[in-house]
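The structure appears below as structure tokens.
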Amino acid sequence: MCTGMWTAGGGGQGGAQLLEREDGGVEVLGSEAGPLGNSLVTLPVQVRGGVDLEQQALNRRRRRALTRAGLRDRGPSKRFRGCGRTIISTDAMVEVKVAEGVGHYCGLMTCGLVWVCPVCSAKIRHERSREVERGLTAALDLGYGIEFLTLTLRHHLGHRLRDLFGLAQKAWAAMRVDKSFRALMARFGLRFITVREVTYGPVNGWHPHFHLAVVTWGVLTDAERAEVEEGFWRAWSHQLERVGLDAERGPGVLLKPCTSTDGLASYLCKVGGDDGQMKPAAMELVRADLKRGKSGHRNPEEIAEDFVDTGDLADLALLQEYWAATKGRQMMTWSNGLKAELLADEVERTDEELAALERGGEVLMKIGRRAWGRVLDLDLAVHVLEVAEQGGREGLVALMRLVAPDDWWYTVQPAEAALNEGGGL
Ligand SMILES: [Zn+2]
Numbered sequence: 024m025c026t027g028m029w030t031a032g033g034g035g036q037g038g039a040q041l042l043e044r045e046d047g048g049v050e051v052l053g054s055e056a057g058p059l060g061n062s063l064v065t066l067p068v069q070v071r072g073g074v075d076l077e078q079q080a081l082n083r084r085r086r087r088a089l090t091r092a093g094l095r096d097r098g099p100s101k102r103f104r105g106c107g108r109t110i111i112s113t114d115a116m117v118e119v120k121v122a123e124g125v126g127h128y129c130g131l132m133t134c135g136l137v138w139v140c141p142v143c144s145a146k147i148r149h150e151r152s153r154e155v156e157r158g159l160t161a162a163l164d165l166g167y168g169i170e171f172l173t174l175t176l177r178h179h180l181g182h183r184l185r186d187l188f189g190l191a192q193k194a195w196a197a198m199r200v201d202k203s204f205r206a207l208m209a210r211f212g213l214r215f216i217t218v219r220e221v222t223y224g225p226v227n228g229w230h231p232h233f234h235l236a237v238v239t240w241g242v243l244t245d246a247e248r249a250e251v252e253e254g255f256w257r258a259w260s261h262q263l264e265r266v267g268l269d270a271e272r273g274p275g276v277l278l279k280p281c282t283s284t285d286g287l288a289s290y291l292c293k294v295g296g297d298d299g300q301m302k303p304a305a306m307e308l309v310r311a312d313l314k315r316g317k318s319g320h321r322n323p324e325e326i327a328e329d330f331v332d333t334g335d336l337a338d339l340a341l342l343q344e345y346w347a348a349t350k351g352r353q354m355m356t357w358s359n360g361l362k363a364e365l366l367a368d369e370v371e372r373t374d375e376e377l378a379a380l381e382r383g384g385e386v387l388m389k390i391g392r393r394a395w396g397r398v399l400d401l402d403l404a405v406h407v408l409e410v411a412e413q414g415g416r417e418g419l420v421a422l423m424r425l426v427a428p429d430d431w432w433y434t435v436q437p438a439e440a441a442l443n444e445g446g447g448l
């Protein structure tokens, strides 16, 4: 059922309509004389069950874009508010591209705020997990061993995240200059890729924890693993105690080997995911945004989604506390020299650079500043990408004719990739 309707000008063909459905979706109806004839481009909104993986990925992307949009007015910085909106290309045009069936924009600002922005965070984490995967592959090729470790601490509802996170970080830093732990590090050649993560539970509040990939000189025996785990436990619990915190022996320090049983593909690296599915370990380490919380535990992306869905100000307060506590902190760090050794040929890239990475693909359309402003005003930024994916140039033309005069945008043809004057076709 349609709850709203616009008929936008442009193209001189008239009759095409943009229909807003009750569920927030949009349908584009072409006129008889229009490029789509009577065809209908339907844009799904709700995440549906039973969809394939590709569709799930697209749904997640849509969800992230909608969450970013929903947080915009509450976001912590101007940079975040401009993410995916502000045009930065030299020709002041926004390009609509499709790469392997997935639409995206080029020429827009990206904020690169890994703790804040659902869209940038997903991209940065994806790139970082690939980096980890390449690094761990190189480590295994060099004969190093790899262990996975989670460091947690005990906390309760009254703890502020800023304090917990800061103290946990302090304890972890102090461990690495602790004399006996340094001896353990030297003996087993321990080096780390550390990923910081935070979830929130209704009973015990904020739960900051560290996931570590521990690189060792060689594959550990069971006895050696027990020794390393014991060493970790002693150092971690001692340093936590010094900052007024503690941990439980069981979940506080957990070491899991990543060993080769059937070759590279399997050890690279399967560990059980939260949902019982097997996930590559590198993905497990970095993609906090893909994990779904258990027993009421939510990750910040889920809190953000809940806030956008419900407007619950308690969730907004949690997000604001989280943004403040994580500001300026690194999501992932590598021990000194480890990355340079394992990924010697790679250039170090910042989060901002990863978020802004160009994804390539074919340019279908260029949208000028005024037309882009209309796309934003009508909240169509996600829909434009979906139309590009499903309807190609013709679909985009039909949509944009409803949005802005057709001299405010133009299609780019595959061969000439050049301006097509006139009707935009
Ligand atoms: Zn962003």
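For the sequence shown, the positions run 24 to 448 when this note's numbering is used.
Glycine included, each C-beta is placed from N, C-alpha and C at the ideal position.
Within-8 Å CB hit, residue i to chain B
| i | result |
| --- | --- |
| Leu159 | The structure shown contains no chain B; it holds only a single protein chain. |
Spatially closest choice to residue i from the options, by CA coordinates
| i | options | result |
| --- | --- | --- |
| Leu277 | Leu425, Trp256, Val407 and Cys134 | Trp256 |
| Gly107 | Arg148, Gly396, Gly351 and Ala347 | Gly396 |
| Leu184 | Glu170, Leu342, Glu247 and Glu328 | Leu342 |
| Arg86 | Glu344, Ile110 and Pro141 | Pro141 |
| Asp201 | Pro99, Ala80, Ala340 and Leu263 | Leu263 |
| Leu380 | Ala92, Tyr128 and Gly124 | Tyr128 |
| Leu81 | Ser112, Val405, Gly168 and Gly418 | Val405 |
| Leu163 | Arg210, Ala209, Gly267 and Gly241 | Gly241 |
Backbone CA spacing between residue i and residue j [nearest angstrom]
| i | j | result |
| --- | --- | --- |
| Pro437 | Met388 | 10 Å |
| Glu356 | Arg219 | Looking at the sequence itself, residue 356 is Thr, so the reference to Glu does not match. Going by the C-alpha atoms only, they are around 9 Å apart. |
| Met116 | Gly130 | 7 Å |
| Glu375 | Lys146 | 10 Å |
| Glu385 | Lys120 | 5 Å |
| Glu371 | Gly158 | 13 Å |
| His394 | Asp114 | Reading the sequence as shown, one finds Ala at residue 394 and not His. Looking at the two C-alpha atoms, the distance is approximately 14 Å. |
| Leu165 | Ala249 | 23 Å |
| Gly53 | Arg424 | Low confidence applies here, because Gly53 scores a pLDDT of 39, under 50, leaving its location unreliable; read the following figure in that light. Cα to Cα, the separation comes out at about 10 Å. |
| Leu235 | Arg84 | 27 Å |
| Arg265 | Gly228 | 22 Å |
| Trp432 | Thr133 | 22 Å |
| Thr65 | Lys279 | With a pLDDT of only 37 at Thr65, under 50, the local geometry of the prediction cannot be trusted, and the value read off the model is given with reservation. Whole-angstrom Cα-Cα distance: 47 Å. |
| Ala88 | Ala196 | 36 Å |
| Leu174 | Pro225 | 21 Å |
| Arg352 | Gln413 | 40 Å |
| Gly189 | Arg272 | 21 Å |
| Arg214 | Leu180 | 33 Å |
| Thr217 | Ala246 | 24 Å |
DSSP state of residue i mapped onto helix, strand, coil
| i | result |
| --- | --- |
| Leu380 | coil |
| Tyr345 | helix |
| Pro58 | Note that Pro58 has pLDDT 33, beneath the 50 cutoff, so the model's placement of it is unreliable and no number is given. |
| Pro141 | helix |
| Pro428 | coil |
| Val64 | Note that Val64 has pLDDT 35, beneath the 50 cutoff, so the model's placement of it is unreliable and the number below is only indicative. Here Val64 sits in strand by DSSP. |
| Met423 | helix |
| Pro437 | coil |
| Asp396 | Reading the sequence as shown, one finds Gly at residue 396 and not Asp. Helix. |
| Val276 | strand |
| Arg321 | strand |
| Glu385 | strand |
| Thr333 | helix |
| Leu339 | helix |
| Leu408 | helix |
| Glu371 | coil |
| Gly415 | helix |
| Leu52 | Residue confidence is low: Leu52 scores 42 on pLDDT, short of 50, so the model does not pin down where it sits. Its coordinate-derived value is still stated next. Of the three classes helix, strand and coil, the one that applies to Leu52 here is strand, per DSSP. |
Distance cut-off 7 Å: residue i Cβ against heavy atoms of ligand 1
| i | result |
| --- | --- |
| Thr133 | yes |
| Val142 | yes |
| Phe103 | yes |
| Leu136 | yes |
| Ala88 | no |
| Cys106 | yes |
| Ala92 | no |
| Ala378 | yes |
(request) Run through the stretch 84-163 for me and flag every whole alpha helix (DSSP H) of 4 or more residues, listed as ranges in chain order. (result) 101-105
(request) Any chance you could list the alpha helix (DSSP H) runs of at least 4 consecutive residues sitting entirely within the stretch 181-236, in chain order? (result) 184-198 and 202-211
(request) Scan the stretch 235-274 and note each continuous alpha helix (DSSP H) run of 4 residues or more that stays entirely inside, going in chain order. (result) 245-265
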